[in-house]
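K.L.:
In my numbering, the protein residues as written are 799 to 910.
Idealized CB from N, CA, C, for every residue including glycine.
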């Protein structure tokens, strides 16, 4: 058995040992870890945006009383940022806070 073949067999065995149902694929636990890491990063982004953006600060102070915790309020704000980032990516446009504030006043629904 050549060294290359032994290395290939070892890698196959190691992948199987990590995730028996998905040899060669990402294991389920790594996708959960990736989701947690993404949530943490977006939450940090939202937290950093509160002192930098007037609408983000206003939104955070508006939604915070209805949320169960600060973390929940930041996740809600992060989801709003993700919608904006997705739209910027789809339109291939940079972020323009004046345009965002204009669209926000046009599309804003009154809170019940």
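Judging by CA-CA distance, which residue of 844, 860, 903 and 832 is the nearest neighbour of residue 942?
P.N.:
The chain is shown only over 799 to 910; residue 942 falls outside these bounds and no answer can be derived.
K.L.:
Taking DSSP as the reference, what is the three-state secondary structure of residue 892?
P.N.:
The answer is coil: DSSP assigns residue 892 none of H, G, I, E or B.
K.L.:
Go through its chain and collect everything with a Cβ distance to residue 851's Cβ below 8 angstroms, but skip five positions before and after it.
P.N.:
If we look at residue 851 and ignore the five residues flanking it on each side, its Cβ neighbours are 895.
K.L.:
Sort 849, 904, 898 and 860 by Cα distance to residue 885 and report the nearest one.
P.N.:
898
K.L.:
Relative to the ligand HEM, is the shortest distance from any of its heavy atoms to the C-beta of residue 850 smaller than 7 angstroms?
P.N.:
This structure does not include the ligand HEM; it has no bound ligands of any sort.
K.L.:
Can residue 875 and residue 857 be called in contact, C-beta distance under 8 angstroms?
P.N.:
yes
K.L.:
Looking at the structure shown, is residue 851 part of a helix, part of a strand, or coil, going by DSSP?
P.N.:
coil
K.L.:
Should residue 820 go down as buried or exposed, given a rule of 16 or more other Cβ atoms within 10 Å for buried?
P.N.:
Note on residue 820: pLDDT 49, under 50, position unreliable in the model; no value is reported.
K.L.:
What is the DSSP secondary structure of residue 818, reduced to helix, strand or coil?
P.N.:
Confidence is the limiting factor: at residue 818 the pLDDT is only 49, short of 50, which leaves the residue's position unreliable, though a coordinate-based value still follows. Coil at residue 818, not helix or strand.
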